[in-house]
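So the number in the numbering used here is just where the residue sits in the sequence shown, counting from 1, plus 218.
Virtual Cβ for every residue (Gly too), placed ideally from N, Cα, C.
All remarks here apply to the structure that follows.
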Amino acid sequence: MMIRPYAQHRMQGISLIAVLFILIVLGGLAGVMAQMGATQHVGMLLSQQGKQAFYVARSGLEWGRYQVLEQQACYPDSQAEMAGFQLQLSCQSTDIYEGLNLLRIYHLQAQVSQETPFGVVQRETEATIWSIIP
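Right, here's the structure in full:
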């Protein structure tokens, strides 16, 4: 049996369409995978910067705690820059009488922020110190 030239060209046309379809699907899949990889990378970077911001805030609280325990008074609200982060420290004190004792309660707060190309990283920590005033 002899194959006509017309039928031979028709089979090549169908295989060309199938190859193009597979290439388009694989190209779309590669694009989606690349986007997912980039998103995962950005998420990991923001997570690391969030951890750094938390530790900057904790170090600010430790400094504030030292100031309160040394001076037995609140320090003035202050701002500083640490490791590229903007740090804001505040302190408030309240006196409470408990029986015959005077308790002074210090409420320390540290807020940290940093702008990145992917958004703003912010963390806030608080601490409370109780002190008996003679």
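Does the segment 304-321 come within contact of the segment 276-286, defined as at least 3 CB pairs closer than 8 Å?
yes
For Gln327, count the other beta carbons within 10 Å of its own beta carbon; 16 or more makes it buried, fewer makes it exposed. Which is it?
buried
Given this structure, state the Cα-to-Cα distance separating Ile240 from Gly246, to the nearest angstrom.
10 Å
Pick from Ile242, Pro352 and Gly255: whose alpha carbon is nearest that of Ile314?
Pro352
Around the Cβ of Gly282, are there at least 16 other Cβ atoms within 10 angstroms (buried) or fewer (exposed)?
buried
From the DSSP output, which residues share a beta bridge with Thr257?
Its beta-bridge partners do not exist; DSSP assigns none.
Leaving out the 5 sequence neighbours to the left and right, which residues in its chain are closer than 7 Å to Ala298 when beta-carbon positions are compared?
Leu305
Note down, one range per segment and in chain order, each beta strand (DSSP E) of at least 3 residues found wholly within the segment 273-325.
296-300 and 303-316
Could you tell me which residues DSSP puts in a beta bridge with Gly337?
Thr334
Could you name the residues that DSSP lists as bridge partners for Ile350?
Leu321
Thinking just about the alpha-carbon of each residue, which of Ala271, Leu238, Gln267 and Met251 is nearest to the one in Glu342?
Ala271
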